[in-house]
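Basically my numbering = 1-based index in the first sequence + 61. All remarks here apply to the structure that follows.
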Amino acid sequence: MIYDFNSIEEKWLRKWKEEKAFEPRMDGEKFLITVPWPYCNGALHIGHGRTYTIGDIVARYKRMKGLNVLYPMGFHISGTPILAFSKKIENGDAQTINLYKSYLELYGDDPSKVSEFAIPDNIASYFSERIINDFTNMGFSIDWTRKFTSGEPIYNKFVEWQFSILKEKNLIKRGDYPILYSAEEGNPVGEDDILEGDTDKVSITQFTGVFFYFGNDILLASTVRPETLDGVTNIFMNPEIQYCRIRMRGQTFIVSRRGYEKLKYQRDAEFISDVDVNDYIYKMAREPLYSREIPIFPGKFVDPEIGTGVDYSVPAHSIWDHVGLMEISEKPEYIQVIEMENQRLDMEEIRKKFGISGLKDREKLVEATKYVYEQEFYHGKILKGRFKGRVVKDVKDLIIEDLIQMGIAIPVYETSRKAETREGNPVIVAVIKNQWFIDYSLEEWKEKVRKLIGRMDLKPDNLKNQFLQTVDWIKERPCARKRGLGTKLPMDTDWVIESLSDSTIYTVVYTIMPFLRRMRYEEIDNDLFDYIFFGSGDISRKSEATRNEANEARKEFLYWYPVDLRHTSYPHISNHLTFYLFNHVAIFPENEWPVGISTGGMVISEGQKMSKSKGNVYPLLTVKRKYGADLFRMYLASNADVWYDVDWRTSEVENYSKKLERFYSLLDEARSTTSEPDERDMWIVSRMIDRIEKSSRNYDSMRIREATIDLFFNALNDVRDLENFAGKERALRAVRKFAKEWALSLSPVIPFMSEEIYSMYGGDGFASLQRYPSMTNNFRDHEYEWEFIESIVEDFRSITKVSNMKPSRMIIGTAEEWKWKLLDESKSMDLKTLIKEATPEHRDFLLLLMKKKDIAPIVRNEEEVITKYKDDLSRYLNVEIVLSKEGAHTKKALPGRPAIRLE
RNA sequence: GCGGGGGUUGCCGAGCCAGGUUAAAGGUACCAGACUUAAGAUCUGGUUCCGUAGGGAUUCGGGGGUUCAAAUCCCCUCCCCCGCACCA
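Here it is, written out as structure tokens:
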């Protein structure tokens with residue numbers, strides 16, 4: 062019989078919905094599980110389904126274990142992507158329009174409706190509807206009655222409440238902050254906005270702009286190695302680029318034009334006039350530390366695109382400077398300011414070593430520079446000044462701080478590589494003034510979070526370490542932006558709360574959303590939230606209806622919270638999950654802090670990272686239509702452990718489909734049997750009972766893969782073995798004995814098929830809502846007997862293989878009684894004494910016992926067992942079975958291993 | 001750089017935390033056979049090497065060590081992947 066997953070899955074979806082199977086009421090021991098809400102800007106693909114599938118498997122298992130499970134979900138719409146896409150559609154960007162047309166087509170909608178996506182809300186609402194549909198179809202046991210989005214007004218109120226608390230507790234502060242920026246586009250740029258930004262990351266590098274005095278002006282020389290300032294010998298300016306005079310912080314500076322263009326986004330800078338570079342070259346400037354006069358030399362290698370276009374030269378520690386000086390006739394005295402621990406770094410030697418002949422060997426110069434820099438950074442000791450004797454890496458930040466304090470340097474930011482936006486404009490660094498931060502650097506706050514981490518249930522094991530690590534290095538985080546969807550910052554409504562910061566404690570809203578929706582919107586305010594969450598806010602002046610709802614909401618919150626398990630993928634560890642912990646700790650009382658977190662891997666496809674260009678991105682909907690939800694779930698569950706990446710391989714997926722078919726038709730056929738199973742076949746029942754027992758432990762520790770492989774693949778292999786050995790009819794009779802329990806045990810993974818089989822066998826209610834099966838095993842002896850028979854089959858096989866014969870008779874001789882006796886004695890007595898007293902024949906056996914510790918018979922009555930299975934064995938191996946102690950071979954028989962002679 | 005995770009038999013991937021029951025689960029691929037008009041599907045057996053009796057030898061990135069015994073523990077070394085923030 063062919064399993065028609067489409068109609069069967071539809072049927073159960075309908076029934077679950079009709080009977081509100083997954084909309085729990087407060088009753089009994091609760092379990093709240095959450096997975097971060099999806100961002101709804103496009104069609105879901107197989108990668109999106111993973112964490113929700115794992116979440117659902119856990120939810121379903123816990124439900125079957127008798128817990129009252131709530132698995133809620135909402136939608137994330139805050140931030141810039143939706144906005145950016147709708148803007149591109151509005152502007153007629155062909156690529157984006159085609160992309161969204163393809164989404165519409167995928168979902169069977171009219172592609173011409175794409176123009177509606179010019180309104181961001183339409184993107185959000187369209188895809189959130191599709192996600193509900195996709196996830197429901199996947200069988201996720203989500204309670205949708207509690208859904209909401211991060212953009213809706215009620216939620217905005219909640220976030221405002223959250224931020225007012227953070228503010229009250231002094232966890233929010235302001236300051237300047239450098240970001241990547243496009244001057245032409247007037248926007249900050251993220252990874253997605255940068256050309257090849259995902260493959261070749263751009264970060265912000267802090268340079269130090271050092272002041273060199275020239276008349277009334279200051280030459281601003283930018284460097285990444287301010288620790289070498291003591292060794293400066295000259296300045297380089299590029300005679301081929303335009304310089305200018307600008308005013309900053311009450312002083313006038315000389316920088317390149319390009320440098321000014323960028324600098325003005327970092328601090329207040331006013332252009333005064335262009336200057337002629339020739340007025341500077343070969344003149345003298347004064348360096349700031351000792352007021353030494355040093356010359357300005359022409360240096361065409363000075364890159365106008367980097368920094369300020371003014372470089373100071375330290376030829377003793379820079380290969381560029383050394384080679385640069387070689388090319389002009391001047392030769393200043395080299396001043397060494399860093400000493401290596403165990404080697405001498407001489408620039409001339411380095412030059413030769415790297416085969417650099419001149420400035421034209423750019424690549425080699427870059428390579429050599431990197432080498433020198435790394436060596437001196439990690440192993441170089443400062444020779445002068447207050448940090449004398451210290452290693453560069455330990456004091457570099459202090460040196461920079463000193464120079465700034467002394468008023469002879471300022472920080473200058475530069476991108477880590479030359480980059481441009483996807484629209485072709487240069488990416489620069491801008492400094493955002495008065496940026497709002499959440500101050501995660503506060504030590505007492507961190508300490509509370511560490512305390513929480515210490516007591517949480519974290520999976521996998523190394524997660525704890527990763528969290529502690531993250532807590533250590535986490536600093537202030539900017540929490541608001543000037544653009545994007547989301548909630549306005551309550552204390553400064555020019556800003557929108559950044560999209561990760563607005564989603565840290567939202568899980569609590571699931572517990573109360575239905576109640577909030579029944580209130581008058583105007584009555585929802587900070588007092589109300591204080592009341593619901595802390596029992597403290599004054600709601601006495603609100604309407605009676607609202608007060609009632611608030612009371613119910615408070616009960617519901619106290620019942621469901623905290624979150625028992627939050628499951629997501631590992632990239633969230635160092636950001637979202639950490640914020641999640643910090644914010645809970647800051648806002649909620651200790652008994653509402655998160656209980657457990659688990660992280661899982663991602664999905665790759667056909668052995669590679671998913672990407673459109675590789676054509677290996679499969680939409681969830683397509684997969685569901687083609688293979689069904691059960692198959693998708695089964696594949697994800699069994700292909701890799703939760704913590705590792707899953708590899709979606711179409712060819713393997715097809716094979717899974719056959720296996721599921723086989724499972725279904727096997728249980729379907731088993732139904733038709735009427736008589737009780739043969740006693741000899743009860744071993745398979747014993748094994749199944751043990752497998753189910755074991756699976757319980759596996760599900761508990763989220764070893765879902767192991768549970769699935771054992772319950773499904775290994776169990777199916779047992780059935781196959783039994784079928785081969787005893788024939789189909791007998792196998793089916795045995796399978797019938799545990800069919801219902803088998804189906805139930807797999808219900809968390811393949812809920813639809815499980816429901817179908819369960820009902821086929823006359824089960825009441827939903828399989829999804831049954832207790833997880835558990836049976837007493839009275840058949841273990843049968844299993845031992847079977848193992849013994851299996852070992853005889855194995856021996857038979859290896860002998861026929863080696864001897865290359867087709868035997869017609871197998872003579873089996875079990876070990877003589879005295880061997881059993883000695884074996885028993887050897888367990889309670891010292892082997893050596895036994896050997897001393899033994900006859901020569903017995904001694905040989907005892908020596909063997911000493912050598913081979915694996916003589917561990919599993920059944921005592923071997924002859925009896927062989928007789929019992931004689932007919933089966935004979936039919937299966939197609940030989941006559943003779944049980945006899947006669948013949949030379951019997952001497953070789955051991956307990957647990959009878960002698961076999963083939964004829 | 002900082003932090004995390006890996007390198008296992010054709011491939012994917014278990015096992016290693018609690019050393020022996022591991023030539024090493026499961027899947028997949030391949031070979032042979034059965035079935036079939038044929039293909040596919042399915043089933044059976046096999047897939048490190050040697051061996052005409054259930055045996056032996058050599059394997060788990062490389063090197064060294066601990067142990068009666070190591071894929072599993074310790075040390076060194078080579079290589080690969082991932083996260084590092086304003087981006088959802």
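Every residue gets a Cβ at the ideal spot worked out from N, C-alpha and C, and that includes glycine.
With a cutoff of 8 Å on beta-carbon distance, Q496 and G236 are scored as near each other. With respect to the 8 Å criterion, E246 and T482 are classified as neighbours on the basis of their beta carbons. A check of alpha carbon separations from M836 across N159, K801, P812 identifies K801 as the nearest. Boundaries of the alpha helix (DSSP H) around Q527: 524-534.
Of the candidates K344, V316, Y822, the residue whose Cα lies closest to the Cα of S334 is V316. E583 has its alpha-carbon roughly 23 Å from the corresponding atom of S139. Here the alpha carbon of R686 sits roughly 12 Å from the alpha carbon of Y679. Short of 8 Å from the beta carbon of S869, and not among the five residues preceding or following it, lie these beta carbons of its own chain, in chain order: V940, E941, E964. Apart from sequence neighbours up to five positions away, the residues of its chain that approach F275 with a beta-carbon distance below 6 Å are A346, ordered along the chain.
The secondary-structure analysis by DSSP pairs M298 across a beta bridge with P359, V371.
Using a Cβ distance threshold of 8 Å, F268 and V473 count as a contacting pair. Straight through space, the alpha carbons of E331 and K325 are spaced by roughly 8 Å. Going by C-alpha positions, I118 is about 36 Å away from I585. In this chain, the beta strand (DSSP E) harbouring D237 covers 233-243. Cβ-Cβ separation between G370 and R319: approximately 7 Å, consistent with a contact (criterion under 8 Å). Between the beta-carbon of F272 and that of F358 there is about 19 Å, and that puts the pair past the 8 Å contact cut.
The residues R766, in chain order, have a CB closer than 6 Å to that of D702 in the same chain once the five nearest residues on each side in sequence are set aside.
According to DSSP, L281 shares a beta bridge with F272.
Rounded to whole angstroms, the Cβ separation of L642 and P655 is 7 Å, and the two are in contact under 8 Å.
Of all C-beta pairs linking the segment 816-826 to the segment 123-142, fewer than three are shorter than 8 Å, placing the two stretches out of contact.
Minimum Cα-Cα distance from K228 among the listed residues N838, I818, D782, I648 corresponds to I648. No Cβ-Cβ contact shorter than 8 Å links K953 with E877. Between the C-alpha atoms of D739 and A787 there is a straight-line separation of about 9 Å.
With distances taken between CA atoms, L426 lies nearest to G385 out of G385, Y439, L459. Note that the segment 548-561 does not touch the segment 504-521; fewer than 3 beta-carbon pairs, one per stretch, sit closer than 8 Å. Under the rule that a run must span 4 or more residues, the alpha helix (DSSP H) segments found entirely inside the segment 128-174 read 142-151, 155-167.
Residue pairing by DSSP places N248 opposite S243 in a beta bridge. Beyond the five residues adjoining it in sequence on each side, D171 comes within less than 8 Å, by CB distance, of L165 in the same chain, given in chain order. For V656, there is no enclosing beta strand (DSSP E), as DSSP gives it neither H nor E. In the structure shown, S597 adopts coil according to DSSP, grouped into three states.
When rounded, the separation of the alpha-carbon atoms in V453 and E462 is 14 Å. Taking all protein chains in view, the Cβ of S712 is surrounded by fewer than 16 other Cβ atoms within 10 Å, so the residue is classified as exposed. Judged by DSSP secondary structure, H109 falls within the alpha helix (DSSP H) whose first and last residues are 107-125.
Check the Cα spacing between K126 and each of L830, N159, F693, L938: the tightest is with L830.
A distance below 8 Å between beta-carbons, with the five flanking residues on each side excluded, links S264 to the following residues of its chain, in chain order: T476, S477. Secondary structure note for N495: its beta strand (DSSP E) is the uninterrupted segment 489-500.
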